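Encoded as structure tokens, the structure appears first; notes follow it.
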Amino acid sequence: MKYFGTDGIRGQVNSGNINGDMFFKFGLAAGKYFTNLKKRKQTAIIAKDTRLSGYALEPALVSGLASAGMHVYTLGPLPTNGLAMLTKSMNANLGIMITASHNLFYDNGLKLFGPDGLKLSDKIQKKIENLIDSKVQKHLSNPKKLGRVKRLETGTDEYIKICKKKLSRNFKLNNLKVVLDCANGAGYKSAPKLIRSLGAKLKVIGNKPNGFNINKNCGSTFPEKLQRNVKKFKADLGISLDGDADRIIMCDEKGSIIDGDQIIAALALQWKKRKILKGGVVGTLMSNYGLEKFLKEKGIKFLRANVGDRYVKELMQKKKFNLGGEQSGHIILGKFATTGDGVLVALEIIKSMNRKTKASDFFNVFKKIPQILENIKIKDDKILKNHSVKRSIKIAEKLIKNQGRILVRKSGTEPKIRIMGESENKILLKKCIKIISKEFK
């Protein structure tokens, strides 16, 4: 598609499509699409993370929506799943999250949710793209039908209230020592407030956003900070979110990092024992083969979706599975949420653990196959079509055949090529990765 990637729209601020002019057009086009449906009150709600650029982009987006006749509520900083939950509970047509997720402050973007709290399908996004590229004047509403705009200060409390309803009434974290890294992002208010309200002894880091420090040397993409603080605080476990709080990476009491695959494996095993696992588990093309092997050994079905939590959720719905996610920490609990929610996942993990069981024992359920992931910045979006690139990939795939696998793909959120390989033969694996990566340098 022209504007939308695997997870909405994303890029560098004031470059390409991430600027006030385009955000007005995005708002106008999305507003026009949903007002045309005329199925309910014409309402959109907007939340954002803590990037400085949010203050420049949000007014443009609001203006576009209101110009199309949509009434708009702005919520301020809130986790992506909080936005999804409130879109559904407020009976809104559309929810828009202004975020660039785990990227640094100079990027920003949009994630769009429908009235069911689900990310918009490719089909709907394509229709909105067509409206973006048509004449602006066609979508402007009559002056009497312009939308109204209102700020809601209760978003954080409403999100916490919904989360608590999804937990059992007697669920408490009394005396559990937890380190929480909020990535200086969207969860910096709600996550500590929710976890503290359940009785945990909480050490919070990454909760002082200044517009520039989101994801910088903190959060799920920089778990070293979490490791250090878990050891220093002598915590039972650590929780690390990303910029919009839809990802989670955890840390056990020894300081070992627990990624999305390990979280999924532990949850799947516990849910099967409790007889609440439905169908099986959905992973992605990037999921470690060790996870697939482990689940099959335990009699749990495992399917792979394209990379992106939206595709994971779509396959979960199609197959009626209630657990899925990505190695990066996007975990979808079908029982509780329509998209990833780092805090809810952490609470479900703690609920599934016997309080006498150490985190290191709880998560140590499968052996990961050695995996290498190399990310390479690119300027040419069509580079994967180059003959020499295709040739190098074929050579690498032939070399590693029957001993592992190679996956080369263009990132849907950044101008990068991602090269991933898995094999017990580390020397061969490095050789195959090098054969491909040299073509991009």
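For what it's worth, my numbering labels the leading residue of the sequence shown as 563, then goes sequentially. Idealized CB from N, CA, C, for every residue including glycine. All of these numbers come straight from a predicted model, not from anything done at the bench.
Asked, Found
"Under a three-way DSSP split, which group does T605 fall into?", "strand"
"With the cut-off set at 9 Å, would you say A745 and L803 are in Cβ contact?", "yes"
"Give the single residue among K594, F585, K918 whose Cα lies nearest to the Cα of I690.", "K594"
"For K956 and L760, what's the separation of their Cα atoms in angstroms?", "53 Å"
"Starting from V844, follow the beta strand (DSSP E) in both directions and report where the run begins and ends.", "842-846"
"Would you call N779 buried or exposed, if buried means 16 or more other Cβ atoms sit within 10 Å of its Cβ?", "exposed"
"One question on the structure: do I811 and L788 come within less than 9 Å of each other, judged by their Cβ atoms?", "yes"
"Pick out whichever of A921, Y750, P785, G891 has its Cα sitting closest to the Cα of P771.", "Y750"
"Tell me, to the nearest whole angstrom, how far the beta carbon of I894 is from that of G902; I am working on the premise that it is less than 8 Å.", "6 Å"
"Please list the segments of the beta strand (DSSP E) lying wholly inside the region 850-936, counting only runs of 3 or more residues, in order along the chain.", "863-867, 885-887, 893-895"
"Measure the Cβ-Cβ separation of S524 and E984 and say whether it is below 9 Å.", "Not covered by the structure: residue 524. The range shown for the chain is 563 to 1003."
"Are the beta-carbon atoms belonging to G891 and R809 less than 9 Å from one another?", "yes"
"What span of residues does the alpha helix (DSSP H) with E720 cover, start to end?", "717-727"
"Just how far apart, CA to CA, sit F596 and H701?", "12 Å"
"For the alpha helix (DSSP H) that L693 lies in, which residues bound it at each end?", "684-694"
"Can you have a look at N964 and say buried or exposed, based on whether 16 or more other CB atoms are within 10 angstroms of its CB?", "exposed"
"So for M982, helix, strand or coil by DSSP?", "strand"
"Locate the beta strand (DSSP E) running through K940, then write down its first and last residues.", "Position check: residue 940 holds Ile in this sequence, whereas Lys was assumed. Looking at the DSSP string, I940 is not in any beta strand (DSSP E), and its letter there is neither H nor E."
"Taking DSSP as the reference, what is the three-state secondary structure of R713?", "strand"
"Can you have a look at D569 and say buried or exposed, based on whether 16 or more other CB atoms are within 10 angstroms of its CB?", "buried"
"Is DSSP giving S577 helix, strand or coil here?", "strand"
"Assuming H664 and G805 are in contact, meaning their beta carbons sit under 8 Å apart, how far apart are those beta carbons, in whole angstroms?", "6 Å"
"With DSSP collapsed to three states, give me the class of P639.", "strand"
"What distance in whole Å lies between the Cβ atoms of I722 and C673, which are believed to be in contact at a cut-off of 8 Å?", "Position check: residue 673 holds Lys in this sequence, whereas Cys was assumed. About 21 Å separates the two Cβ atoms, so there is no contact after all."
"Does the distance from the CB of L946 to the CB of I968 come in under 9 Å?", "no"
"Give me, in chain order, the residues of the same chain whose beta-carbon lies closer than 8 Å to that of K913; leave out the 5 immediate sequence neighbours on both sides.", "L729, S730, F733"
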